[in-house]
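Peer 1: There's a structure below that I have some questions on.
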Amino acid sequence: MNNLNYLVESVERLKADGVYRKLPINYGACKNVIDLNHLQVVNLSSNNYLGLANHPRLIQAALDATQKYGVGVGSVRTIVGNQDLLEELEKVLAEFKEEEAVTCFQSGLNCNIGTIQAIVNKGDLIISDELNHASIIDGIRLSRAQKAIYKHSDMADLENVLKEMRSSYQNVLIITDGVFSMDGDLAKLPEIVHLAKKYNALTYVDDAHGSGVLGRGGRGTVDHFGLNGEVDFIIGTLSKAIGVIGGYVASKKIVKEWLLHRARPLLFSTALPPAATAATIEAVKILMESDEYTKKLWENAKYFKEGLRKLGFDIGNSETPITPVIIGGEAKTMEFSRELLSEGVFVSGIVYPTVPLGRGRLRVMISASHTKKDLDFALQAFSKVGKRLNII
Ligand SMILES: *Cc1c(COP(=O)(O)O)cnc(C)c1O
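In the working numbering, the protein residues as written are 105 to 496.
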């Protein structure tokens, strides 16, 4: 026990700093209204953009697959874990993304960690946006490449790095989120692709928050900009808009051939369970059949943003359904979140160090599953609490 005293001290420090927390418990499915810690609240904090996480067709597909294939695949993909369902999922996803090949991983985080490590080497350079997701940062750390950071979406800064450093490295990989998760802004992909061509660099876009949201029928940020076939590595997650779990790389065939031999999560970690794989196939089919859900998502997002703006809130520069409501101070932000909860609305507060000091915010995540009644109820709660705390 004494050996663990350093952890006791670390946890005490969290408590002293006021950042210690207990995980809230959701007693049911991830829906528009959830039973959180036994309180019925409107859920404005999930990544379940299209409401697919408990869609009857996905549930049925998971049940059917479980009957036929069992609950686990029993091995990594390179031994006997590569069930035909996984091959089918990769085929359907490639068709949906209109790219040559897709390689699936167990999660988006796994996908970034495994892919980045596999595709660069000592003597290569990775150039990364300063606001890229934590799993990209981890992937870069695990690789043996040199890294350089450019200022958020600052194309002049990116070009400076390329100009100064390109010639000293063999391969250069530019990595960006497609949609930045804290502010909801889009990467400047046309400019990034242009610079990559000019300086002979590779491009890597993590589109976790863009897939299922942007582009034709939710085909993603690359499709939104009409850049299909021009980005070398397009990463998507199956856990957000798709509503299940998993991650993937859409790319040329040769990338897949290499990843199947060198991506460590495929070699050393058991593959996705059949229920998840089958549910995901069903989700992609739904997206290919109709844009009903993506349309509803954008309708809801526009309605809610307009409502917040009319109330006088600062909602930043989001171009997506991610809606930051800037409160400012850290304590005030957390207080706002608690007050909303007491009004029956759950939105997590996000503060330093996840976002800059003094830019504390509530991060509202709109979903196609929200009804107009949910959104009006939430707007009313925002209005009440905003006035009570002198924000509006
Ligand atoms: C959420 C997220 C991930 C991780 O995806 P999971 O499937 O939840 O592991 C990776 N990259 C970005 C940009 C994300 O927002």
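Every residue gets a Cβ at the ideal spot worked out from N, C-alpha and C, and that includes glycine.
For I217, which of helix, strand or coil comes out of DSSP?
Peer 2: Within the sequence shown, numbered from 1, the residue matching residue 217 stands at position 113. Of the three classes helix, strand and coil, the one that applies to I217 here is helix, per DSSP.
Peer 1: Name the residue from M286, D139 and L148 whose alpha carbon lies nearest to the alpha carbon of F450.
Peer 2: Position 346 of the sequence shown, counted from the start, is the residue given in the question as residue 450. Measuring from the Cα of F450, the nearest candidate turns out to be L148.
Peer 1: Grouping DSSP H, G and I as helix and E and B as strand, with all else coil, what is Y74?
Peer 2: With the chain running from 105 to 496 in the structure shown, residue 74 is simply not present.
Peer 1: F440 lies in the alpha helix (DSSP H); which residues open and close that run?
Peer 2: Against the sequence shown, residue 440 aligns to sequence position 336. From DSSP, the alpha helix (DSSP H) with F440 extends over E434 to S446.
Peer 1: Let's test the definition: count the other Cβ atoms within 10 Å of the Cβ of E194 and tell me whether it reaches 16, buried, or not, exposed.
Peer 2: Start at 1 with the first residue of the sequence shown, and residue 194 comes out as number 90. Under this definition E194 is a buried residue.
Peer 1: Identify, in the order they occur along the chain, each residue of the same chain with its Cβ nearer than 7 Å to the Cβ of E423, setting aside the five sequence neighbours on each side.
Peer 2: The residue you call residue 423 lines up with position 319 of the sequence shown. If we look at E423 and ignore the five residues flanking it on each side, its Cβ neighbours are G288, D289 and L290.
Peer 1: Is it buried or exposed, Y456, if we count other Cβ atoms within 10 angstroms and call 16 or more buried?
Peer 2: For the purposes of this step, residue 456 is taken as the residue at position 352 of the sequence shown. Exposed: under 16 other Cβ atoms inside 10 Å.
Peer 1: Hey, out of V283, S150, K251 and N130, whose CA is closest to N141's CA?
Peer 2: Taking the first residue of the sequence shown as position 1, residue 141 is located at position 37. Nearest to N141 by alpha-carbon distance, out of V283, S150, K251 and N130, is N130.
Peer 1: Could you compute how far the alpha carbon of F200 sits from the alpha carbon of A260?
Peer 2: For the purposes of this step, residue 200 is taken as residue 96 along the sequence shown, with counting starting at 1. For the purposes of this step, residue 260 is taken as residue 156 along the sequence shown, with counting starting at 1. Between F200 and A260, the C-alpha separation is close to 34 Å.
Peer 1: Let me know if H237 comes out buried or exposed under the rule of 16 or more other beta-carbons within 10 Å of its beta-carbon.
Peer 2: Stepping through the sequence shown from its first residue, residue 237 is reached at position 133. Label assigned to H237: buried.
Peer 1: Using the Cβ count rule (16 or more neighbours within 10 Å means buried), how would you classify D310?
Peer 2: By one-based count along the sequence shown, residue 310 stands at place 206. Its Cβ being crowded by 16 or more others within 10 Å, D310 is buried.
Peer 1: Please state whether the Cβ-Cβ distance between T437 and A169 is less than 8 Å.
Peer 2: Taking the first residue of the sequence shown as position 1, residue 437 is located at position 333. Taking the first residue of the sequence shown as position 1, residue 169 is located at position 65. Not in contact: T437 and A169 (Cβ atoms no closer than 8 Å).
Peer 1: By the three-class DSSP mapping on this structure, what secondary structure does N186 have?
Peer 2: If you number the sequence shown from 1, residue 186 lands on position 82. It is coil, neither helix nor strand.
Peer 1: Using DSSP bridges, identify the partner residues of T280.
Peer 2: Indexing the sequence shown from 1 puts residue 280 at position 176. DSSP, once it has assigned bridges, lists V309 as partnering T280.
Peer 1: DSSP puts C208 in a beta bridge; with which residues?
Peer 2: For this step, residue 208 is matched to residue 104 along the sequence shown. Note: C208 sits in a beta bridge opposite Y352.
Peer 1: May I have a chain-ordered list of the alpha helix (DSSP H) segments no shorter than 4 residues that lie completely inside the region 316 to 370?
Peer 2: 325 to 328 and 357 to 366
Peer 1: Do you know offhand how far G433's Cα is from A485's?
Peer 2: Within the sequence shown, the letter at position 329 stands for residue 433. Within the sequence shown, the letter at position 381 stands for residue 485. Straight-line Cα distance between these residues: approximately 20 Å.
Peer 1: Using the beta-carbon count (16 or more within 10 Å), is G351 buried or exposed?
Peer 2: Residue mapping note: residue 351 aligns to position 247 of the sequence shown, counting from 1. Classification for G351: buried.
Peer 1: How would you label T219, buried or exposed, when you count the other beta carbons within 10 angstroms and need 16 or more for buried?
Peer 2: Residue 219 sits at position 115 when you count from the first residue of the sequence shown. Buried.
Peer 1: How many angstroms separate the CA atom of Q298 from the CA atom of K267?
Peer 2: Your numbering for residue 298 matches position 194 in the sequence shown. Your numbering for residue 267 matches position 163 in the sequence shown. According to the sequence shown, residue 298 is His rather than Gln. So the two alpha carbons sit approximately 14 Å from each other.
Peer 1: Since Q274 is in the beta strand (DSSP E), which residue starts that stretch and which ends it?
Peer 2: Translated into the one-based positions of the sequence shown, residue 274 becomes position 170. No beta strand (DSSP E) holds Q274; DSSP gives it neither H nor E.
Peer 1: Compute the minimum distance between the beta carbon of S149 and the heavy atoms of ligand 1, and state whether it is under 7 Å.
Peer 2: Here residue 149 refers to the residue found at position 45 when the sequence shown is read from its first residue. No.
Peer 1: Can you determine whether any heavy atom of ligand 1 sits closer than 7 Å to the C-beta of N152, and answer yes or no?
Peer 2: Indexing the sequence shown from 1 puts residue 152 at position 48. No, the beta carbon of N152 sits no closer than 7 Å to any heavy atom of ligand 1.
Peer 1: Going by DSSP, what residue range makes up the alpha helix (DSSP H) through S179?
Peer 2: By one-based count along the sequence shown, residue 179 stands at place 75. Per DSSP, S179 belongs to no alpha helix (DSSP H) and is neither H nor E.
Peer 1: Report yes if the C-beta distance between V276 and I231 is below 8 Å; otherwise report no.
Peer 2: Within the sequence shown, numbered from 1, the residue matching residue 276 stands at position 172. Within the sequence shown, numbered from 1, the residue matching residue 231 stands at position 127. Yes, Cβ-Cβ distance for V276 and I231 is below 8 Å.
Peer 1: Can you list, in chain order, the residues of its chain whose CB lies under 7 Å from that of V77, leaving out five sequence neighbours each side?
Peer 2: With the chain covering 105 to 496 only, the question about residue 77 has no answer from this structure.
Peer 1: By Cβ distance below 8 Å, which residues in the same chain neighbour L143 in space, the five residues on each side in sequence not counted?
Peer 2: Taking the first residue of the sequence shown as position 1, residue 143 is located at position 39. L445 and G448.
Peer 1: Rounded to whole angstroms, how far is the Cβ of Q210 from the Cβ of S343, which I believe are closer than 8 Å?
Peer 2: Translated into the one-based positions of the sequence shown, residue 210 becomes position 106. Translated into the one-based positions of the sequence shown, residue 343 becomes position 239. Actually they are not in contact, since the Cβ atoms of Q210 and S343 sit about 10 Å apart, beyond 8 Å.
Peer 1: Any heavy atom of ligand 1 inside 7 Å of the beta-carbon of N216?
Peer 2: The residue given as residue 216 occupies position 112 in the sequence shown. Within the cutoff, so yes.
Peer 1: Classify D188: buried if its beta carbon has 16 or more other beta carbons within 10 angstroms, exposed otherwise.
Peer 2: Locating residue 188 in the sequence shown gives position 84, where the first residue counts as 1. D188 comes out exposed.
Peer 1: What did DSSP end up calling T427 once you bin it into helix, strand or coil?
Peer 2: As a working note, residue 427 is residue 323 in the sequence shown. Strand.
Peer 1: Counting C-beta neighbours from all protein chains within 10 Å, is the total for Y73 16 or more, i.e. buried, or is it exposed?
Peer 2: Any answer about residue 73 is impossible in this case: the structure gives the chain only from 105 up to 496.
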